[in-house]
Amino acid sequence: MENSFAEFIQKYPDYEATTSIDDLRATDYSRIDRCGQVYLDYTGGGLYADSQVRQHQALLLEGVFGNPHSSNPTSLAATELMENARAYVLEFFKAPPDEYDIVFTPNASGALKLVGESYPFTPKSHYLLTFDNHNSVNGIREFAHARGATVSYLPVALPDLRVLDDQLDVALTRGDRSADNLFAYPAQSNFSSVKHPLEWIERAHAHGWDVLLDAAAFAPTNQLDLSQYKPDFVPLSFYKMFGYPTGIGALIARRDKLHKLQRPWFAGGTITVASVQGDKYYFAEGHAAFEDGTVDYLNIPAVEIGLRHLESIGMDLINMRVSCLTGWLLENLTKMKHRTGVNLVRIYGPTNTSARGGAVTVNFFDQNGNGIDHRSIEELANRRNISLRTGCFCNPGAGEVAMGISRVELDVCFTRPDHTERLTLDDFRLCIDGKSTGAVRISVGMVTNFDDVQAFLQFCGSLLK
Ligand SMILES: Cc1ncc(COP(=O)(O)O)c(C=O)c1O
30 MENSFAEFIQ KYPDYEATTS IDDLRATDYS RIDRCGQVYL DYTGGGLYAD
80 SQVRQHQALL LEGVFGNPHS SNPTSLAATE LMENARAYVL EFFKAPPDEY
130 DIVFTPNASG ALKLVGESYP FTPKSHYLLT FDNHNSVNGI REFAHARGAT
180 VSYLPVALPD LRVLDDQLDV ALTRGDRSAD NLFAYPAQSN FSSVKHPLEW
230 IERAHAHGWD VLLDAAAFAP TNQLDLSQYK PDFVPLSFYK MFGYPTGIGA
280 LIARRDKLHK LQRPWFAGGT ITVASVQGDK YYFAEGHAAF EDGTVDYLNI
330 PAVEIGLRHL ESIGMDLINM RVSCLTGWLL ENLTKMKHRT GVNLVRIYGP
380 TNTSARGGAV TVNFFDQNGN GIDHRSIEEL ANRRNISLRT GCFCNPGAGE
430 VAMGISRVEL DVCFTRPDHT ERLTLDDFRL CIDGKSTGAV RISVGMVTNF
480 DDVQAFLQFC GSLLK
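When the letters of the sequence shown are read in order and numbered with the numbering used here, they come out as residues 30 to 494.
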């Protein structure tokens, strides 16, 4: 492998403009190298800077904060921090405050569940979603089914795992304009890293659809500009963007669309008035109606600290760096061949950096072309302190297309009498006749450096026969 840094810089000269991130890594993220870790699972979770933790800790140590649902001084102090954070989330995503509201949730899945359980699906409604959605988006189909709505999937096609453009138009015309129809897709797939066009949002709107744009995998390395693109619902998890705190996500929602959601229950904090004898309740306005009980008021202020941290680095710089490293990774992985001429890996998704993010999903093959189980690749990588992710990443649709698992095989498997209630992964493996049930995902992020990528490529080189 002629993987020299000089060659990398020659091919990806933009990387040199991102040296401020190397400086930051040496100071604010020094524990990564001190611990000898090669972290390549940024799509799984981002890494936090020491300074984020210190700033948050200082804030907690200097103030006295009480439960925000009150008007005493410590409660008001907590409310102020939370509302500052809420305002800053809007600002970060350039979301006009008169158009968008922020609901804090435990994570992206929590935001998705809020939409799913409250969306006014009827038997005339459609729930349309791309094959490569995360399971927390797939799960909304259960709410749609329960209310008699039609659920349909928009396929992704090999080799790049993108949606064929004309199929989208055909699917969108199937929505009954007199009903509430929801179209859900990831701005960036957490399986293939394909970035689906944000222009789809207006195309769907033009056909009368509401749009749920899953930004969980997109937001950590791309600027989502809600002054330009206007999805109705945007779920995300903050730990994926800046590592700390975990346990907080958001549903960014258009105010008018939030209004249209019909919550199936009420809880503490969500109502203005609820009566026991009168058997009646009235929802609070906007985000308050969706934040059940006491929110994580001590950690929500750390969201503002994290966003300001990202902004101080610059989303464009992060994006550029990730793109350079991804390009190098893709280019070198595709070059690797066993002595027999067999490729070491098969990449699922685009093999260049155009309209794709920093996750590269592959399976490995031996010199005879036989697949190597993704679990043994993980075990070998673990020995080198390389953190990568294996499995199907909660994205079964993209996985089924990538691994060539057919609808017929799945139907046969799921309709077997002994599979009506329970199905283990091992049973499933038998069903699909030895096809791989998963893959290996390497994802680069904000503070990945050239050495991390080289460490992984060297690991791959060690598998060549
Ligand atoms: C695209 C996408 N959507 C949704 C989620 C769900 O995020 P969380 O597990 O934080 O709820 C993930 C998590 O990996 C994701 O990658």
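Glycine included, every Cβ here is placed at the ideal spot set by N, Cα and C.
Open item on the list: Per the DSSP calculation, serine 147 is bridged to which residue(s)?
Closed with: In the sequence shown, counting from the first residue as 1, residue 147 sits at position 118. Paired residue(s): none; serine 147 is not in a bridge.
Open item on the list: Going by beta-carbon coordinates alone, are leucine 241 and isoleucine 169 separated by less than 9 Å?
Closed with: Here residue 241 corresponds to residue number 212 of the sequence shown, with the count starting at 1. Here residue 169 corresponds to residue number 140 of the sequence shown, with the count starting at 1. Taking 9 Å as the Cβ cut-off, leucine 241 and isoleucine 169 qualify as a contacting pair.
Task: Rounded C-alpha distance that separates leucine 417 from lysine 364 - done: Taking the first residue of the sequence shown as 1, we reach residue 417 at position 388. Taking the first residue of the sequence shown as 1, we reach residue 364 at position 335. Using only the alpha carbons, I get a separation of about 21 Å.
TODO: Determine the contact status of alanine 140 and glycine 278, defining contact as a CB-CB distance below 9 Å.
DONE: Numbered from 1 along the sequence shown, position 111 holds the residue referred to as residue 140. Numbered from 1 along the sequence shown, position 249 holds the residue referred to as residue 278. For alanine 140 and glycine 278, yes; Cβs fall inside 9 Å.
Open item on the list: Looking only at its chain, what residues have a beta carbon closer than 8 Å to the beta carbon of aspartate 321, apart from the 5 residues adjacent to it on each side?
Closed with: Here the question's residue 321 lines up with position 292 in the sequence shown. If we look at aspartate 321 and ignore the five residues flanking it on each side, its Cβ neighbours are Ala296, Gly297, Gly298 and Thr299.
Task: Start-to-end residues for the alpha helix (DSSP H) that takes in asparagine 164 - done: Looking up residue 164 in the sequence shown gives position 135. First-last of the alpha helix (DSSP H) with asparagine 164: 164 to 167.
Open item on the list: I need the DSSP call for asparagine 348, collapsed to helix, strand or coil.
Closed with: Reading the sequence shown from its first residue, position 319 is the one you call residue 348. Residue state, collapsed to three classes: helix.
Open item on the list: What would DSSP say about asparagine 399, mapped onto helix, strand or coil?
Closed with: Residue numbering aside, residue 399 sits at position 370 when the sequence shown is read from its first letter. Reduced to three states, the DSSP call for asparagine 399 is coil.
Task: serine 465 in three-state terms, based on DSSP - done: Here the question's residue 465 lines up with position 436 in the sequence shown. Reduced to three states, the DSSP call for serine 465 is coil.
Task: Spatial distance of alanine 248 from leucine 354 (CA atoms) - done: Your numbering for residue 248 matches position 219 in the sequence shown. Your numbering for residue 354 matches position 325 in the sequence shown. Computed Cα separation, rounded: 18 Å.
Open item on the list: Give me, in chain order, the residues of the same chain whose beta-carbon lies closer than 6 Å to that of proline 352; leave out the 5 immediate sequence neighbours on both sides.
Closed with: Translated into the one-based positions of the sequence shown, residue 352 becomes position 323. Before going on, a small fix: residue 352 reads as serine here, not proline. Result list for serine 352: Thr382, in chain order.
TODO: Figure out for me which residue from Ile471, Glu171, Ser181 and His225 has the closest Cα to the Cα of aspartate 194.
DONE: Numbered from 1 along the sequence shown, position 165 holds the residue referred to as residue 194. Nearest of Ile471, Glu171, Ser181 and His225 to aspartate 194, Cα basis: His225.
- [ ] Please indicate yes or no: does the CB of glutamine 257 lie closer than 8 Å to some heavy atom of ligand 1?
- [x] Mapped onto the sequence shown, residue 257 falls at position 228. Glutamine 257 Cβ: outside cutoff for every heavy atom of ligand 1.
- [ ] Flag alanine 235 as yes when its Cβ comes closer than 8 Å to any non-hydrogen atom of ligand 1, and as no otherwise.
- [x] For this step, residue 235 is matched to residue 206 along the sequence shown. Alanine 235: no, Cβ never under 8 Å from ligand 1.
Open item on the list: Distance check for arginine 203 and tyrosine 77, CA to CA, integer angstroms please.
Closed with: Position 48 of the sequence shown holds residue 77. Position 174 of the sequence shown holds residue 203. Approximately 44 Å, taken between the alpha carbons.
Task: Proximity of threonine 134 and leucine 143 at Cβ, strictly below 9 Å - done: Here residue 134 corresponds to residue number 105 of the sequence shown, with the count starting at 1. Here residue 143 corresponds to residue number 114 of the sequence shown, with the count starting at 1. A contact, by the Cβ cut-off of 9 Å.
Open item on the list: Once DSSP output is grouped into helix, strand and coil, what is the label at glutamine 487?
Closed with: On the sequence shown, position 458 is the one that residue 487 refers to. In this structure, glutamine 487 counts as helix in the three-state DSSP scheme.
Task: Validate contact between the segment 264 to 274 and the segment 335 to 345 using beta carbons, cut 8 Å, 3 pairs - done: yes
TODO: Output the distance between the C-alpha atoms of tyrosine 182 and glutamate 231, rounded to the nearest integer angstrom.
DONE: Translated into the one-based positions of the sequence shown, residue 182 becomes position 153. Translated into the one-based positions of the sequence shown, residue 231 becomes position 202. Roughly 19 Å separates the two Cα atoms.
Task: Closer than 8 Å: asparagine 219 CB and nearest ligand 1 heavy atom - done: Taking the first residue of the sequence shown as position 1, residue 219 is located at position 190. Yes, Cβ of asparagine 219 sits closer than 8 Å to a heavy atom of ligand 1.
TODO: Quick one: using the 10 Å Cβ neighbour count with 16 as the cut-off for buried, is proline 97 buried or exposed?
DONE: Taking the first residue of the sequence shown as 1, we reach residue 97 at position 68. Under this definition proline 97 is a buried residue.
Task: Alpha-carbon spacing of phenylalanine 394 relative to serine 207, whole angstroms - done: The residue you call residue 394 lines up with position 365 of the sequence shown. The residue you call residue 207 lines up with position 178 of the sequence shown. So the alpha carbons of these two residues sit roughly 51 Å apart.
TODO: Could you tell me which residues DSSP puts in a beta bridge with lysine 366?
DONE: By 1-based counting over the sequence shown, the position of residue 366 is 337. Beta-bridge pairing links lysine 366 to Asn372.
TODO: Specify, as a first and last residue, the run of the beta strand (DSSP E) that glycine 276 falls within.
DONE: Against the sequence shown, residue 276 aligns to sequence position 247. Segment: none, glycine 276 is in no beta strand (DSSP E) and carries neither H nor E.
- [ ] List the DSSP bridge partners of leucine 158.
- [x] Taking the first residue of the sequence shown as 1, we reach residue 158 at position 129. Leucine 158 pairs with Tyr182 and Ala213.
TODO: Measure the alpha-carbon distance for valine 118 versus leucine 255 and round it to whole angstroms.
DONE: Position 89 of the sequence shown holds residue 118. Position 226 of the sequence shown holds residue 255. Distance between the alpha carbons of valine 118 and leucine 255: 11 Å.
TODO: Would you check if there are 3 or more beta carbon pairs closer than 8 Å linking the segment 459 to 470 to the segment 433 to 443?
DONE: yes
- [ ] On a CA-only basis, which of Ala235, Trp238, Phe271 and Lys259 is nearest alanine 246? Give me that one, please.
- [x] Along the sequence shown, read from residue 1 onward, the residue named residue 246 stands at position 217. The shortest C-alpha separation from alanine 246 is found at Phe271.
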